[in-house]
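Here the structure comes first, spelled out in structure tokens, and everything after it is commentary.
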Amino acid sequence: MITIVLAEDHHIVRQGLRLLLEAEPGFRLVGEAADGLEAVRLVETLHPNVLVLDLMIPRLHGLDVTRQVRRQCPETHVVILSMHADEPYVMEALRNGATGYVLKDATGADLVHAVKDAMAGRRYLSPALAERALSSYVERPGESELDVYETLTNRERLVLQLAAEGHSSPEIAKQLFISTRTVETHRANFMRKLSLHSQTELVRFAIRKGILSP
Amino acid sequence: MNSSVATEVVRALKLAVFRRDASGRLRLHPPVPDWLTALWPAAAAAGESAHGVSPFLDNFLIDAAVYWESGSGPGVGSGPWLETDGRGGEHHLQGRALTSGRHALLLVEELGPAFDERRGILQKAHEVALDYERLQRAEQALAEEKRLLEQRVQDRTAELSRANLDLKSEVATRQRYAEQLRALSLRLVEVQEAERQFLARELHDEIGQLLTGLKLSLEIFLRSAPATGAPSCLEVLEVLDELMQRVRQLSLDLRPHLLDDFGLVPALEWHFKRFFKQTGIRVHFRHAARQTPVSPQLTTAIFRVVQEALTNVARHARVPEATVRLWTAGDWLGAQIEDHGRGFDPEAALAAHASSGLFGMKERAELLGGQFTLDSAPGSGTRLTVEVPVAGTLSVPAALHTQEDSP
Numbered sequence: 161m162i163t164i165v166l167a168e169d170h171h172i173v174r175q176g177l178r179l180l181l182e183a184e185p186g187f188r189l190v191g192e193a194a195d196g197l198e199a200v201r202l203v204e205t206l207h208p209n210v211l212v213l214d215l216m217i218p219r220l221h222g223l224d225v226t227r228q229v230r231r232q233c234p235e236t237h238v239v240i241l242s243m244h245a246d247e248p249y250v251m252e253a254l255r256n257g258a259t260g261y262v263l264k265d266a267t268g269a270d271l272v273h274a275v276k277d278a279m280a281g282r283r284y285l286s287p288a289l290a291e292r293a294l295s296s297y298v299e300r301p302g303e304s305e306l307d308v309y310e311t312l313t314n315r316e317r318l319v320l321q322l323a324a325e326g327h328s329s330p331e332i333a334k335q336l337f338i339s340t341r342t343v344e345t346h347r348a349n350f351m352r353k354l355s356l357h358s359q360t361e362l363v364r365f366a367i368r369k370g371i372l373s374p
Numbered sequence: 056m057n058s059s060v061a062t063e064v065v066r067a068l069k070l071a072v073f074r075r076d077a078s079g080r081l082r083l084h085p086p087v088p089d090w091l092t093a094l095w096p097a098a099a100a101a102g103e104s105a106h107g108v109s110p111f112l113d114n115f116l117i118d119a120a121v122y123w124e125s126g127s128g129p130g131v132g133s134g135p136w137l138e139t140d141g142r143g144g145e146h147h148l149q150g151r152a153l154t155s156g157r158h159a160l161l162l163v164e165e166l167g168p169a170f171d172e173r174r175g176i177l178q179k180a181h182e183v184a185l186d187y188e189r190l191q192r193a194e195q196a197l198a199e200e201k202r203l204l205e206q207r208v209q210d211r212t213a214e215l216s217r218a219n220l221d222l223k224s225e226v227a228t229r230q231r232y233a234e235q236l237r238a239l240s241l242r243l244v245e246v247q248e249a250e251r252q253f254l255a256r257e258l259h260d261e262i263g264q265l266l267t268g269l270k271l272s273l274e275i276f277l278r279s280a281p282a283t284g285a286p287s288c289l290e291v292l293e294v295l296d297e298l299m300q301r302v303r304q305l306s307l308d309l310r311p312h313l314l315d316d317f318g319l320v321p322a323l324e325w326h327f328k329r330f331f332k333q334t335g336i337r338v339h340f341r342h343a344a345r346q347t348p349v350s351p352q353l354t355t356a357i358f359r360v361v362q363e364a365l366t367n368v369a370r371h372a373r374v375p376e377a378t379v380r381l382w383t384a385g386d387w388l389g390a391q392i393e394d395h396g397r398g399f400d401p402e403a404a405l406a407a408h409a410s411s412g413l414f415g416m417k418e419r420a421e422l423l424g425g426q427f428t429l430d431s432a433p434g435s436g437t438r439l440t441v442e443v444p445v446a447g448t449l450s451v452p453a454a455l456h457t458q459e460d461s462p
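Top to bottom, those sequences are chains L and Y.
Numbering (this note's numbering) for the first sequence: 161 to 374.
Numbering (this note's numbering) for the second sequence: 56 to 462.
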């Protein structure tokens with residue numbers, strides 16, 4: 161017999177879930193909570209095998225409920241119910257100690273699976289999620305570090321080059337037909353972006369970048 | 056005094072000396088000066104009386120006679136007068152009546168070149184005086200002119216400063232309007248965003264949950280339903296799934312919940328995946344590892360700019376990929392969207408407000424005190440950079456908060 165506490169704030173959803181879980185042989189619903197704090201309290205007093213928990217439950221966020229339950233009643237496994245199929249939600253739930261993650265628009269059979277797997281100490285993700293996790297792993301483009309120089313605008317690049325060559329702001333202003341103040345603004349901008357603090361550092365950076373020949 | 060010496064002195068002084076005899080006649084006393092010979096030859100030859108040779112002299116002799124009769128005082132003078140001789144020569148003469156002992160004497164002196172010179176000087180002085188007067192009149196006229204001019208300048212200045220005041224108040228009014236407009240624009244953007252957020256949540260949480268409940272109930276019903284009702288019940292379930300799908304898409308179109316729960320980077324990553332699915336354009340995302348928590352307002356603005364810029368890439372650039380960069384530098388948050396597509400003329404594109412979202416992006420950045428830079432040219436791709444100051448109170452998204460608490 162698997163004992164279950166159900167935490168879900170939406171009345172209609174809770175009703176449906178209750179019917180679904182009670183209809184499953186071998187499942188016994190021992191408590192119901194409509195918010196996060198109540199869910200934690202119920203788990204602490206009832207020590208169920210599984211907590212079926214809505215992620216977006218009020219008063220205490222589902223992630224916090226999961227963490228507290230895992231810390232205080234490690235024998236209780238948490239199965240998250242969520243509207244969100246996006247990776248960050250799933251990752252956060254698993255990192256906080258959830259054993260299963262079931263999408264709310266999946267079928268009822270999914271939830272039954274997840275509860276049984278959790279009872280056996282196995283992770284369970286809705287099939288849609290499992291597929292997604294794999295494909296996102298494959299799809300993930302070769303993430304590379306941000307090259308800050310690339311974030312510079314055309315004007316900033318031009319002013320940088322002239323400044324590195326040793327031209328003063330008024331000289332640059334004359335050359336680009338803009339005011340000295342504008343030149344100073346561009347200069348301040350790229351110095352900030354590139355974390356440069358002196359002319360020497362600027363020249364060194366320009367040489368490293370191949371903008372200036374040493 | 057030796058008589059010959061006296062004679063020499065008289066000659067040197069070109070004096071004509073007449074002595075008055077008892078009968079009142081004036082007899083010329085030698086030597087006779089040349090000028091007298093030239094002027095009155097008859098009188099000179101005869102050593103005759105001075106009477107009757109010159110009307111001016113005759114006139115003077117009346118005064119002189121009165122003096123001689125009274126026999127007292129230092130003598131009387133005639134003042135200079137002019138005589139013309141038979142050859143046209145001019146002689147300036149001056150007479151003096153005096154007494155010397157018993158003798159009554161009349162001296163007539165030719166004033167000569169010294170007088171001419173003095174007269175010239177006097178004449179000159181007179182002219183100068185006249186000039187001076189003219190000059191003074193001219194100066195007065197000038198001063199008057201100047202006064203009038205100054206008056207006009209004063210009037211004009213007053214007019215101008217009045218106009219200037221009017222202009223200043225006009226400028227102030229316009230600035231106030233501009234500020235009000237700015238505040239309104241910002242408010243509008245916020246209201247729109249809040250509305251979107253509300254609708255997205257309502258659709259996702261409330262309507263979505265209701266549909267979920269409905270679906271669960273149907274599934275349970277289906278288990279115990281008679282076989283005859285099952286096919287139509289399955290159809291209803293299909294429609295329900297479709298409906299839930301639509302509701303979720305709509306909610307995400309309005310506002311991705313990831314933005315509120317996890318912040319900018321996860322929301323952008325999610326958006327890039329979705330964008331790839333919809334357009335086939337792959338987005339390379341480069342961002343600095345360190346993430347500074349920023350206000351929801353700023354997060355939303357940057358997200359919307361990236362979203363809008365990518366929409367433009369899909370519409371116009373005709374490229375298979377684009378790059379998005381996200382960074383923080385000091386107290387600034389920056390984002391850049393770059394493609395190597397067709398490019399365009401930024402000036403023209405910005406001028407055509409309605410057609411592109413460019414103007415909206417620029418306005419959004421500027422409303423937050425930030426900068427918007429558009430680098431593009433036909434044939435050389437597009438780089439759009441937005442930088443905004445990370446100012447005001449920071450609010451950390453709920454999910455990020457719990458993330459920080461976790462070990």
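Here a beta-carbon is modelled for each residue, glycine too, at the ideal position from N, C-alpha and C.
Keep in mind that this is a model prediction, so the values were computed, not measured.
Check	Outcome
Where DSSP assigns a beta bridge to L:Y249, which residues make up the other side?	Answer is none; L:Y249 lacks a bridge partner.
For the candidate residues L:T360, L:E325, L:I338, whose alpha-carbon lies nearest to that of L:I371?	L:E325
From L:M216 to L:G222, what distance separates their C-alpha atoms?	6 angstroms
Checking contacts by CB at 8 angstroms: is Y:F330 closer than that to chain L?	no
First and last residue of the alpha helix (DSSP H) that includes Y:I275?	263-279
Return the Cβ separation of L:V238 and L:L197 in integer angstroms, given the expectation that the two are a contact with Cβ distance under 8 angstroms.	So it is not a contact: roughly 16 angstroms between Cβ atoms.
Is it true that the CB of L:L206 sits closer than 8 angstroms to the CB of L:V165?	yes
Assuming Y:V244 and Y:L422 form a contact by the criterion Cβ under 8 angstroms, report the distance between their Cβ atoms to the nearest whole angstrom.	7 angstroms
Rounding to the nearest angstrom, what Cα-Cα distance links Y:F73 and Y:A98 in this structure?	12 angstroms
Residues of chain Y with CB closer than 7 angstroms to the CB of L:H170, please, in chain order.	Q264, G268
Are any of the Cβ atoms in chain Y nearer than 8 angstroms to that of L:A290?	no
Under 8 angstroms between the Cβ atoms of Y:L323 and Y:L388?	no
Leaving out the 5 sequence neighbours to the left and right, which residues in its chain are closer than 7 angstroms to Y:D76 when beta-carbon positions are compared?	R82
When the Cβ atoms of the segment 157-168 of chain Y are set against those of the segment 134-149 of chain Y, are three or more pairs found closer than 8 angstroms?	yes
Interface residues of chain Y around L:E310 at Cβ under 7 angstroms?	R380
To the nearest angstrom, how far is the alpha carbon of L:G302 from that of L:V190?	Confidence in L:G302 is poor, its pLDDT being 47 and thus under 50, which makes the residue's placement unreliable; the coordinate value appears in the next sentence. Cα-Cα distance, rounded: 48 angstroms.
Run through chain L and tell me which residues come within less than 9 angstroms of Y:F427, C-beta to C-beta.	Those do not exist, as Y:F427 stays about 10 angstroms from chain L at its closest Cβ, beyond 9 angstroms.
If we count Cβ pairs, one from each stretch, closer than 8 angstroms, do we get three or more for the segment 302-310 of chain Y versus the segment 244-260 of chain Y?	yes
If you reduce the DSSP assignment to three classes, tell me which class Y:L429 lands in.	strand
With C-beta atoms as the reference, is L:V343 less than 8 angstroms away from L:S355?	no
So, under 8 angstroms CB-CB, L:S286 and L:Y309 are touching, yes? Tell me the CB distance rounded to an integer number of Å.	That pair is no contact at about 43 angstroms.
Using a beta-carbon distance below 8 angstroms, is L:L166 in contact with chain Y?	no
Is there a C-beta anywhere in chain Y that falls below 8 angstroms from the one on L:P301?	Residue placement at L:P301 is flagged as unreliable, the pLDDT there being 49, under the threshold of 50; a coordinate-derived value is accordingly withheld.
Is the Cβ-Cβ distance between L:I162 and L:V210 less than 8 angstroms?	yes
Spell out a yes or no on whether the segment 429-448 of chain Y and the segment 393-408 of chain Y are touching, meaning 3 or more CB-CB pairs, one atom from each, closer than 8 angstroms.	yes
Under 8 angstroms by Cβ, that's how I've got L:L177 and L:E168 pegged, so tell me the actual separation to the nearest angstrom.	6 angstroms
Residue range of the alpha helix (DSSP H) that Y:A255 falls in?	167-256
Along the alpha helix (DSSP H) that carries Y:F73, what are the first and last residues, could you check?	Where Y:F73 is concerned, there is no enclosing alpha helix (DSSP H), although the beta strand (DSSP E) it sits in stretches over 70-75.
For chain Y, is any of its Cβ atoms less than 8 angstroms away from the one on L:V173?	yes
Counting along the chain, where does the beta strand (DSSP E) carrying L:S242 start and finish?	237-242
Looking at the C-beta of Y:R419, does it have a partner C-beta in chain L at a distance below 8 angstroms?	no
Figure out for me which residue from Y:R237, Y:Q230, Y:D315, Y:D221 has the closest Cα to the Cα of Y:A249.	Y:D315
Answer yes or no: does any C-beta atom of chain L fall closer than 8 angstroms to that of Y:M416?	no
For a contact meaning CB atoms closer than 8 angstroms, what does Y:F399 contact in chain L?	The contacting residues do not exist; Y:F399 stays about 15 angstroms from chain L at best.
Do you know how far the Cα of Y:P375 is from the Cα of L:A266?	34 angstroms
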